[in-house]
Amino acid sequence: MPTLIQLAKSKTVLFSTALSLLGLANSYIGLFNLDATQQSYALLAIGVATAGLRFLTTVPLADK
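Counting from 1 along the sequence shown, just add 101 to a position and that's the residue number in our numbering.
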């Protein structure tokens, strides 16, 4: 199992953590007021960013 230090070196894990924190902030304070079209574009951007990070991944977390 990867340690916290190994997880902190992962761009994908950091990106996912940031997304989770933004989602949490949005649910509590209404950080984003997006209509359906804007939500679709946001989800598209998140998907593309996640796929891009996956293509950049070359080393397993356990080896970091």
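No residue lacks a Cβ here, since even glycine has one placed at the ideal position from N, Cα and C.
Note that this is a predicted model, so its numbers are computed, not measured.
Query                                                                                                             : Result
Considering just the uninterrupted stretch of the alpha helix (DSSP H) at Leu123, what are its terminal residues? : Lys112 to Ile130
I'd like to check one pair, Ile147 with Leu108: are the Cβ atoms closer than 8 Å?                                 : no
Once DSSP output is grouped into helix, strand and coil, what is the label at Asp164?                             : helix
Looking only at C-alpha atoms, which of Ala150, Thr104 and Lys165 sits nearest to Ser117?                         : Ala150
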